[in-house]
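Visitor: Residue numbers for the sequence shown follow the working numbering, so the first one is 2 and each next one is one higher.
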Amino acid sequence: MFRITQYMHELHARVAPESGEPALRVRSGIAPSDGVQASGPRRLPGPVVIWNLIRRCNLTCKHCYSISADTDFKGELSTLEAFAVMDDLKHFRVPVLILSGGEPLLRPDIFDIARRAKDLGFYTALSTNGTLIDARNIERIAAIDFDYVGVSLDGMGETHDRFRRKAGAFDASLAGIRLCRDLGLKVGVRYTMTQDNAHDFEALLRLVEREGIDRFYFSHLNYAGRGNKNRKDDARHQLTRSAMNALFDTCWAGIERGEAKEFTTGNNDADGPFFLQWVHRRFPEHVEAMRARLRQWGGNASGINVANIDNLGNVHPDTMWWHHALGNVRERPFSAIWSDPDDTLLAGLRTWPRPLKGRCGKCRHAEICNGSSRVRAEQVTGDVWQEDPGCYLDDEEIGIEPGGERVTLKPWIRLVQGRAA
């Protein structure tokens, strides 16, 4: 995750020191005993865990990484098993639990699990499509006092409904957002941009402003589940660049007005170097301090600061890696699985620098983005360490000779017995 607002506040403190904001904080002289890497993503005490408690969902979204559907999936963790997992996560110093699905509100014990998470002291977030938040359950949601409720909106009106494959989904989700907002819950919008919904991006930004929504999360399409099957619809690079510049401009304007709204992005760590270029155009005297700050961020944290537990208890480097299980919490505690040095993928993700190839291997920004999505690289090329085809920076921007060959996006093809169907 790239926290645009955080870095812009620090930049604003340098540009306008009278604002009283903390200036760019650049770590220096870090010793190994500090428990922090001098290079690569800064390690948290334990990873943020995104937990898909249930795979069932009342929607069948085009980009769903878990390929959820409105049917029961056998073998999901019981309430008591979930409690035992949380005890281990707490002991392992996991700071954040994001309760997701499927649609987590379809799980009958969701409030029992959420209450246990809050009682154990986790920062507890609810990741939902929002359509099931209504007058019948909003008081229970508010009573849990979730630290954050994230609701998916992938366009306005009919655009969102087509994306989510259900008429009326937009209105139901927006109603859920308003209920959360009106009861004082911190609520945000998650938006995944593709060619199919890019035309609604700026309208969504205006909606977030108009409705007083706390956070806007821009997700790039990652190639997992239905997102992989529909990767031909991924936003092209110029479209992504335009959206990022609009997002940066919107965030900066809000900071100058003194607004508290948060803007973040996910699933493409090229956003860090691209933001550095935005800083260079506007405030060149501050670009080196920001470059050092972004090195501290360190880019992609899959398998390092981010982990996933799926509905069956399988542990993955993040939510996009369901095709690679590190272990299962029914067989070994999460803490043991996450600490096991023998998994080749996990070891590679934690290597600094990662063994990147192609454009990523030559890129001058690798220490900032850390190779971005290894899932996109693997799905398109078959090699987890090849270049990320989702990188929207050009050759000159990454410091390599222009005009070279690069991995291009290929549509997903169904294979039957090793052959294209």
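Cβ atoms here follow ideal geometry from the backbone N, Cα and C, with glycine treated the same way.
Just tell me which of V190, L45, G314 has its CA closest to the CA of E332.
Guide: Reading the sequence shown from its first residue, position 331 is the one you call residue 332. Checking every option, the nearest Cα to that of E332 belongs to G314.
Visitor: Restricting to Cα atoms, I'd like to know which of N229, T195, E212, A225 is closest to R242.
Guide: For the purposes of this step, residue 242 is taken as residue 241 along the sequence shown, with counting starting at 1. Ranking the options by Cα distance to R242, first place goes to T195.
Visitor: Using a Cβ-Cβ cutoff of less than 7 angstroms, which residues in the same chain neighbour I68 once the five nearest sequence positions on both sides are dropped?
Guide: Along the sequence shown, one-based indexing puts residue 68 at 67. Answer for I68: G226, R227, listed in chain order.
Visitor: Provide the residue(s) that pair with S128 in DSSP beta bridges, ordered along the chain.
Guide: As a position in the sequence shown, residue 128 is number 127, starting the count at 1. According to DSSP, S128 bridges with G151.
Visitor: Just list the alpha helix (DSSP H) runs in the region 282-325, keeping only unbroken ones of 4 residues or longer that don't cross its boundaries, in chain order.
Guide: List check, alpha helix (DSSP H) in window: 288-298.
Visitor: Could you pull out every residue in the same chain whose Cβ sits closer than 6 angstroms to the Cβ of K262, ignoring the five residues on either side in sequence?
Guide: Sequence index remark: in the sequence shown, residue 262 carries index 261 (1-based). Cβ neighbours of K262 beyond the five flanking positions: G255.
Visitor: Going by CA-CA distance only, name the one from D110, A236, K119 that's closest to S79.
Guide: By one-based count along the sequence shown, residue 79 stands at place 78. Nearest option by C-alpha distance: D110.
Visitor: Quick check on the DSSP output: what are the complete alpha helix (DSSP H) runs of length 4 or more inside the region 45-106, in order along the chain?
Guide: Runs of the alpha helix (DSSP H) inside the region 45-106: 80-92.
Visitor: For R182 and A173, I'd like the C-alpha separation in whole angstroms.
Guide: Your numbering for residue 182 matches position 181 in the sequence shown. Your numbering for residue 173 matches position 172 in the sequence shown. Those two C-alpha atoms are separated by around 14 angstroms.
Visitor: So the candidates are R216, F3, H10, R4; which of them puts its Cα closest to the Cα of G259?
Guide: One-based indexing of the sequence shown puts residue 259 at position 258. Ranking the options by Cα distance to G259, first place goes to H10.
Visitor: Among the residues of its own chain, which have a CB less than 6 angstroms from the CB of L410, if the five just before and after it don't count?
Guide: Here residue 410 is taken as the residue at index 409 of the sequence shown, counted from 1. Excluding positions up to five away in sequence, the list reads P390.
Visitor: Can you name, in chain order, every residue of its own chain whose Cβ lies under 7 angstroms from the Cβ of G273, other than the five neighbours on each side?
Guide: Locating residue 273 in the sequence shown gives position 272, counting from the first residue. Answer for G273: F3, L295, W298, G300, I369, C370, listed in chain order.
Visitor: Residues in its own chain within less than 8 angstroms of A126 by CB, not counting five upstream and five downstream?
Guide: Counting from one through the sequence shown, the residue named residue 126 turns up at place 125. Excluding sequence neighbours, A126 sits near V97, L98, I99, L100, F147, D148, Y149, V150, G151.
Visitor: Given that a residue counts as buried once 16 or more other Cβ atoms are within 10 Å of its Cβ, and exposed if not, what is Q239?
Guide: Against the sequence shown, residue 239 aligns to sequence position 238. Counting Cβ neighbours within 10 Å, Q239 comes out exposed, since fewer than 16 surround it.
Visitor: Give me, in chain order, the residues of the same chain whose beta-carbon lies closer than 7 angstroms to that of G372; leave out the 5 immediate sequence neighbours on both sides.
Guide: Taking the sequence shown and counting its residues from 1, one reaches residue 372 at position 371. Excluding residues within five positions, the ones whose Cβ falls inside 7 angstroms are N301, R355, L357, C361, D389.
Visitor: Under 8 angstroms, with one C-beta from each stretch per pair, do the region 130-140 and the region 75-92 reach the 3-pair mark?
Guide: Counting Cβ pairs under 8 angstroms, fewer than three are found: no touch.
Visitor: Assuming Y8 is part of the alpha helix (DSSP H), what are its boundary residues?
Guide: Residue numbering aside, residue 8 sits at position 7 when the sequence shown is read from its first letter. From DSSP, the alpha helix (DSSP H) with Y8 extends over 5-16.
Visitor: Any idea which residues DSSP pairs Y224 with across the strands?
Guide: As a working note, residue 224 is residue 223 in the sequence shown. Partner(s): none; Y224 has no beta bridge.
Visitor: What three-state label does DSSP hand T266 in the structure shown?
Guide: If you number the sequence shown from 1, residue 266 lands on position 265. Three-state result, T266: strand.
Visitor: Please report the straight-line C-alpha distance between L394 and R365, rounded to a whole angstrom.
Guide: Indexing the sequence shown from 1 puts residue 394 at position 393. Indexing the sequence shown from 1 puts residue 365 at position 364. Cα to Cα, the separation comes out at about 11 angstroms.
Visitor: Mind listing, in chain order, the continuous alpha helix (DSSP H) runs of no fewer than 4 residues lying wholly within the region 317-388?
Guide: List check, alpha helix (DSSP H) in window: 335-339, 345-351, 359-363, 367-370, 375-382.
Visitor: Hey, G359 and Q380: beta-carbon distance below 7 angstroms or not?
Guide: Start at 1 with the first residue of the sequence shown, and residue 359 comes out as number 358. Start at 1 with the first residue of the sequence shown, and residue 380 comes out as number 379. It is not a contact, given that the beta carbons lie outside the stated cut-off.
Visitor: State whether the region 106-122 contacts the region 60-67, with contact taken as three or more CB pairs (one from each stretch) at a distance under 8 angstroms.
Guide: No: fewer than three Cβ pairs fall under 8 angstroms.
Visitor: Around the Cβ of W253, are there at least 16 other Cβ atoms within 10 angstroms (buried) or fewer (exposed)?
Guide: Counting from 1 along the sequence shown, the entry for residue 253 is found at position 252. By the neighbour-count rule (16 or more Cβ atoms within 10 Å), W253 is buried.
Visitor: For my contact list, N223 and D155 are in at a C-beta cut-off of 8 angstroms; report their separation, rounded to the angstrom.
Guide: Counting from 1 along the sequence shown, the entry for residue 223 is found at position 222. Counting from 1 along the sequence shown, the entry for residue 155 is found at position 154. N223 to D155, Cβ: 14 angstroms. No contact.
Visitor: Using DSSP's beta-bridge definition, name the partner residues of T193.
Guide: For this step, residue 193 is matched to residue 192 along the sequence shown. T193 pairs with S220.
Visitor: Count the other CB atoms, across all protein chains shown, that sit within 10 Å of the CB of T352; report buried if there are 16 or more and exposed otherwise.
Guide: Looking up residue 352 in the sequence shown gives position 351. Exposed, because fewer than 16 other Cβ atoms sit within 10 Å of the Cβ of T352.
Visitor: Please report how far the alpha carbon of N458 lies from the alpha carbon of F335, in whole angstroms.
Guide: Outside the shown range of the chain (2 to 422) lies residue 458, about which nothing can therefore be said.
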